[in-house]
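A.B. asks: Add 68 to the 1-based position in the sequence shown for this note's numbering, that's all there is to it. Where a beta carbon is used, it is the ideal one built from N, C-alpha and C, also for glycine. I have a structure I would like to understand better, so I am pasting it below and will then ask my questions one at a time.
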Amino acid sequence: MNYLIYKSLNFLLGGILFLSIDYCANNLKNPDLSAIVSLLPISLICGYIIYDRSMLQRHTLATVPTILITSGVALILFGFLYLNINQYVAVTLSLVLWVIFQYLRIKLYPM
Numbered sequence: 069m070n071y072l073i074y075k076s077l078n079f080l081l082g083g084i085l086f087l088s089i090d091y092c093a094n095n096l097k098n099p100d101l102s103a104i105v106s107l108l109p110i111s112l113i114c115g116y117i118i119y120d121r122s123m124l125q126r127h128t129l130a131t132v133p134t135i136l137i138t139s140g141v142a143l144i145l146f147g148f149l150y151l152n153i154n155q156y157v158a159v160t161l162s163l164v165l166w167v168i169f170q171y172l173r174i175k176l177y178p179m
């Protein structure tokens with residue numbers, strides 16, 4: 069497949085994912101469905117685009133701590149929202165924490 073077409077399809081799939089989350093959350097007002105769509109097993113779907121088998125095995129293994137960190141930061145985000153912190157500030161702080169934790173994980177415990 070042509071490289072440009074392949075990358076364009078990847079870009080479109082990402083856009084469809086974000087549009088689906090937006091539609092489920094804002095139009096359908098269904099947080100359960102938007103959570104399912106946003107947490108599609110993208111790490112598993114990546115198996116279609118990672119060519120090297122050993123790289124896919126390492127990728128799959130690396131998803132475990134990533135999921136744990138993401139779950140922990142999601143709980144922190146819930147706490148921020150529970151404390152009535154502005155949602156944009158709460159999400160931004162959570163994303164910053166997520167990046168810091170992921171960086172520390174990669175530096176201290178590389179796969």
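1. Between residue 73 and the rest of its own chain, which residues show a CB-CB distance below 6 Å, the 5 nearest in sequence each way excluded?
2. Quick one: Cα of residue 108 to Cα of residue 86, how far?
3. Taking C-alpha atoms, which residue in 149, 150, 151 and 134 lies nearest to residue 168?
4. Indicate whether residue 179 and residue 129 have their beta-carbon atoms separated by less than 8 Å.
5. For residue 145 and residue 158, what's the separation of their Cα atoms in angstroms?
6. Report buried or exposed for residue 79, applying the criterion of at least 16 other Cβ atoms within 10 angstroms of its Cβ.
7. Rounded C-beta distance between residue 161 and residue 148? I'm assuming under 8 Å.
C.D. replies: With the given structure in hand:
1. In the sequence shown, the residue the question calls residue 73 occupies position 5. The answer is none, since no qualifying residue turns up.
2. Taking the first residue of the sequence shown as position 1, residue 108 is located at position 40. Taking the first residue of the sequence shown as position 1, residue 86 is located at position 18. So the two alpha carbons sit approximately 11 Å from each other.
3. In the sequence shown, the residue the question calls residue 168 occupies position 100. Comparing Cα-Cα distances from residue 168 to each of 149, 150, 151 and 134, the minimum goes to 134.
4. One-based indexing of the sequence shown puts residue 179 at position 111. One-based indexing of the sequence shown puts residue 129 at position 61. Closer than 8 Å, so yes.
5. Reading the sequence shown from its first residue, position 77 is the one you call residue 145. Reading the sequence shown from its first residue, position 90 is the one you call residue 158. Taking the straight line joining both Cα atoms gives about 6 Å.
6. Your numbering for residue 79 matches position 11 in the sequence shown. Flag for residue 79 reads exposed.
7. Taking the first residue of the sequence shown as 1, we reach residue 161 at position 93. Taking the first residue of the sequence shown as 1, we reach residue 148 at position 80. That pair is a contact at about 6 Å.
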